[in-house]
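Q:
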Amino acid sequence: MSENKKNVPKRRFKEFENAEAWEQCKLNEIADVLDGDRGNNYPNGNEFQEIGHTLFLSASNVTTNGFMFDDTQYITEEKSNSMGNGKLLLNDIVLTSRGSIGHIAWYNKAIQQQVPFARINSGMLILRSKDFVMPCFVAQFLKSPLGKKQIDLISFGSAQPQLTKKDVSNYVVSIPSDSNEQRKLGVFFDNIDNLITLHQCKLEKMKALKKAYLMEMFPDERGCKPKLRFAGFTDDWEQRKVKDICSISTGKSNTQDKIENGEYPFYVRSPIIERSNRYLYDEEAVLTVGDGVGTGKVFHYVKGKYDLHQRVYRMFDFYNGVSGKYFYYYFSTHFYKRVMSMTAKTSVDSVRYEMISEMDIKYPSEQEQHQIVNVLEHLGDLITIHQRKLEKLQNIKKAYLNEMFI
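If you're matching positions, the sequence shown starts at 3 in the numbering used here and goes up one per residue.
So, in C-alpha cells, the structure goes:
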C-alpha cells in the first residue's frame, strides 16, 4: 500500500479529523476477487426451481439498491455442492460484471438470515474482504461517485458492457487505516440506505394503494356502480360521451415558443412542462398529448393561466354535472385502454379527435364525485410527500459520498 499525506476526504468524523491520511491500494490488496463456477457443472434451465435450497442469483437480484428477491430461482443442495467457486459467505460483496455492470450488494447478516444459501451467476464477481478491512466500507466505496467512475473506466464493450476479474483486482481504492473509521463510515451510509429503502417502500405502497382505489372506485366497462363506494351513495352512475360534458380543442403554440424560466406553464408533447412568457388560456382544463412521447399516457390537470402546444388536446368548460378534477381522474385512468383498443399496433402514434370525443365517461352525483376526488387527492399528496423525502435523502447521501470518500 502507498500513503499520500494529502489523501484525506473533505469531510471526516470529528474523532478522526487529525488521524492519518487514507491509504491508496489496489482492490486485491484488501479483498479477494472471486468469480463463480463457469464449468460443466454450471446449472442449465432445467435445473432451476421456484423453491429450493440454494438461491442462484440473477441480474434482477443485484440492483442499484442492493439485493432484491422479488424474482428468484433455486438449485438443489446436491447441485450446489457439485459446483466450485461462487458460493456466498457472510459479508461477501457481490459486483455485477456483465450487462448492467457495477451493481453492488452486501451479503450481511440480515440478508444471510433471509437467504441462508446463495451462489453468484456467471455475470458476477465476489469481493471477499480481508480481515483488516470492513466490508461495509468497501461496499459503500464502490457505490460512491468515485467508485462508480472507476468502474466505468475499467469496463469495456458497448452492446454488452463487461468487467474482468483482472481489471477489478487492479481497481484503486482509498481507505482509512483505522478500521474504526472504516466501520463508522460503512454504518453511517448503511443507515442512510435503510432510510432510503424505508421511504421507497412507503412510496411504492402509496402508489399501489392509489392504483387500487382508481380501479375499485370506478365501475367496470359493463357496470353502473363501482366495487368500492362511500356510505350513503346507492344510485346508479350516469354515462355520457366526452363531447357531451365538455368542450374539446387543441392549443396554438409550437415548441420553439418555450422560454426558460418563463412566467406561465407551457404544456407540450411530452411529460415535461416547459415555460412560456405568454398564456393562451385562463381556465380549468384537462390536457393530453396528441402525439409524441407518452401518447395516451400523459395527462395534466390545470386551473389558471397556461400556454398550450398545437398538438396537445384540452378538455374544458365542464357541464352536465361533471367536475373537472373528477373528469381528470376518470379520463386519465381509462383513456389509454381505449386508444389501444382502436389501434392494431403495440403503441399509440397519435390521438384523433374522435378517440376523445366519443369516449364514454361514467360519473355519479357531484357530492360523490367530490368524495372520490378528496380521497385520490389525499393519496396524491402523500405520494408527493414521500417522493420529496426520498429525493432529499438521496441528495443528502450523494453530497456525503462526494465529501467523505476519496
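Positions of the beta carbon are idealized from the N, C-alpha and C atoms, including for glycine. All figures in this text were calculated on a predicted structure; none of them were measured in a lab.
For K89, I'd like the list of residues in its chain whose CB is within less than 6 angstroms of its CB, leaving aside the five on either flank, ordered along the chain.
A: Closer than 6 angstroms at Cβ, skipping near neighbours: R121.
Q: Output the distance between the C-alpha atoms of E5 and A141, rounded to the nearest integer angstrom.
A: Residue confidence for E5 is low, a pLDDT of 44 falling below 50, so the modelled location carries little weight; the figure read from the coordinates is stated next. Distance between the alpha carbons of E5 and A141: 21 angstroms.
Q: Quick one: measure Cβ to Cβ for V304 and V291, integer angstroms, because I've assumed they're closer than 8 angstroms.
A: The pair is not a contact, with the Cβ atoms about 14 angstroms apart (cut-off 8 angstroms).
Q: Of the residues V353, A112, E360, which one's Cα is nearest the Cα of T252?
A: Minimum Cα distance to T252 is reached at V353.
Q: Closest by CA to V174, which one among L187, I156, I77?
A: Of the listed residues, the one whose Cα sits closest to V174 is I156.
Q: How about M317 and R340: do their beta carbons lie closer than 8 angstroms?
A: Against a cut-off of 8 angstroms, the Cβ pair of R340 and M317 comes out as no contact.
Q: Sort Y308, Y365, T66 by Cα distance to F333 and report the nearest one.
A: For F333, the nearest C-alpha among the options comes from Y365.
Q: What do you get for R390, buried or exposed, if any count of 16 or more other CB atoms within 10 angstroms of its CB means buried?
A: With fewer than 16 Cβ atoms within 10 Å of its Cβ, R390 is classed as exposed.
Q: What are the partner residues of D73, as DSSP defines its beta bridges?
A: Note: D73 sits in no beta bridge, so no partner.
Q: Just confirm the distance between the C-beta atoms of F235 and L187, as a whole number of angstroms; I'd bet it's less than 8 angstroms.
A: That belief does not hold up - the Cβ atoms of F235 and L187 are roughly 57 angstroms apart, past 8 angstroms.
Q: What three-state label does DSSP hand M3 in the structure shown?
A: For M3, the predicted model reports a pLDDT of 45, less than 50, meaning its position is unreliable and no value from the coordinates is stated.
Q: So what does I128 bridge to, in DSSP terms?
A: In the DSSP output, where bridge partners are listed per residue, I128 has L36, V96.
Q: My understanding is that R277 touches G296, with C-beta atoms under 8 angstroms, so please give their C-beta distance in whole angstroms.
A: With a Cβ gap of about 19 angstroms, R277 and G296 do not count as contacting.
Q: DSSP on H302, reduced to helix/strand/coil?
A: Strand, per DSSP.
Q: Touching or not, the region 31-38 and the region 196-204, by the rule of three or more beta carbon pairs under 8 angstroms?
A: Touching, no, given that fewer than three Cβ pairs across the two stretches are closer than 8 angstroms.
Q: Run through the region 141-206 for me and flag every whole beta strand (DSSP E) of 3 or more residues, listed as ranges in chain order.
A: As far as the region 141-206 is concerned, its whole beta strand (DSSP E) runs of at least 3 residues are 174-177.
Q: Quick one: which unbroken beta strand (DSSP E) runs of 3-plus residues sit fully inside the region 304-353? Chain order, please.
A: Segments of the beta strand (DSSP E) lying fully in the region 304-353: 314-318.
Q: Tell me where the alpha helix (DSSP H) around D246 begins and ends.
A: Where D246 is concerned, there is no enclosing alpha helix (DSSP H), given that its DSSP letter is neither H nor E.
Q: Check the DSSP bridge columns for P267 and list the partner residues they point to.
A: In the DSSP output, where bridge partners are listed per residue, P267 has R277.
Q: Would you identify the three-state DSSP class for G47, choosing helix, strand or coil?
A: Looking at G47 - three-state DSSP - the assignment turns out to be helix.
Q: Touch check for the region 256-276 and the region 307-317: three-plus C-beta pairs under 8 angstroms?
A: The region 256-276, when compared against the region 307-317, does touch it at the 8 angstroms Cβ threshold.
Q: Quick one: give me the first and last residue of the alpha helix (DSSP H) that K1 is part of.
A: No information on residue 1 is available, as it lies outside the stretch 3 to 408 that the chain covers here.
Q: Whole-angstrom Cβ separation of F337 and F329, contact assumed at under 8 angstroms?
A: That pair is no contact at about 11 angstroms.
Q: Quick one: residues in its chain with C-beta nearer than 8 angstroms to the C-beta of D259, no 5 flanking neighbours on either side, listed in chain order?
A: Here the set comprises F268, S278, R280, D309.
Q: Where does the unbroken alpha helix (DSSP H) through K229 begin, and where does it stop?
A: From DSSP, K229 is part of no alpha helix (DSSP H); its letter is neither H nor E.
Q: Does the region 217-224 come close enough to the region 161-171 to have 3 or more Cβ pairs within less than 8 angstroms?
A: Taking 8 angstroms as the limit for Cβ pairs, the verdict is that the region 161-171 does not touch the region 217-224.
Q: So is S343 buried or exposed if we call it buried at 16+ other beta carbons inside 10 Å?
A: When all chains shown are included, S343 counts as exposed.
Q: Using a Cβ-Cβ cutoff of less than 7 angstroms, which residues in the same chain neighbour M136 once the five nearest sequence positions on both sides are dropped?
A: The residues are S181, Q184, R185, G188.
Q: Only counting the same chain, and skipping five residues up and downstream in sequence, which positions put a Cβ closer than 7 angstroms to that of E49?
A: Closer than 7 angstroms at Cβ, skipping near neighbours: I77, K81.
Q: Note down the Cα distance separating S62 from P163, rounded to an integer number of angstroms.
A: Approximately 16 angstroms, taken between the alpha carbons.
Q: In its own chain, which residues sit with a C-beta less than 7 angstroms from the C-beta of Q115, not counting the 5 before and 5 after it?
A: So no residue of the chain qualifies.
Q: By DSSP, does Q396 sit in helix, in strand, or in coil?
A: Helix, per DSSP.
Q: Since S367 and D237 should fall inside the 8 angstroms C-beta cutoff, what is the C-beta to C-beta distance between them, to a whole number of angstroms?
A: At roughly 7 angstroms, the Cβ-Cβ gap stays under 8 angstroms, so S367 and D237 are in contact.
Q: Would you decide whether K145 is buried or exposed? Buried here means 16 or more other CB atoms lie within 10 Å of its CB.
A: Flag for K145 reads buried.
Q: Please identify the residue among N93, D154, F58, F407 whose C-alpha is closest to the C-alpha of Y44.
A: Closest option to Y44, Cα to Cα, is F58.
Q: Run through DSSP, which three-state label would I106 get?
A: Three-state result, I106: strand.
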